[in-house]
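Reading through the structure tokens given below for one structure.
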Amino acid sequence: MSFNTIIINNIKSNLRKYSVFILSGVVSVIVYYFFL
């Protein structure tokens, strides 16, 4: 296990976490404008 793979794994897990927030934000914005 080298240092680079640890960093890459951290970035991947962070992206997975933040992509949920980004997706929910985009969906809420679309729903907000759709129902205006």
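If you want our numbering, it's the position in the sequence shown, counting the first as 1, plus 24.
Using N, Cα and C, we set each Cβ at its ideal position, and we do this for glycine too.
Keep in mind that this is a model prediction, so the values were computed, not measured.
Distance, residue j Cα to residue i Cα
{"i": "Ser-43", "j": "Val-55", "result": "18 Å"}
{"i": "Phe-58", "j": "Leu-39", "result": "28 Å"}
{"i": "Ser-26", "j": "Leu-60", "result": "51 Å"}
{"i": "Val-51", "j": "Ile-35", "result": "24 Å"}
{"i": "Ser-37", "j": "Ser-48", "result": "17 Å"}
{"i": "Val-53", "j": "Ile-30", "result": "35 Å"}
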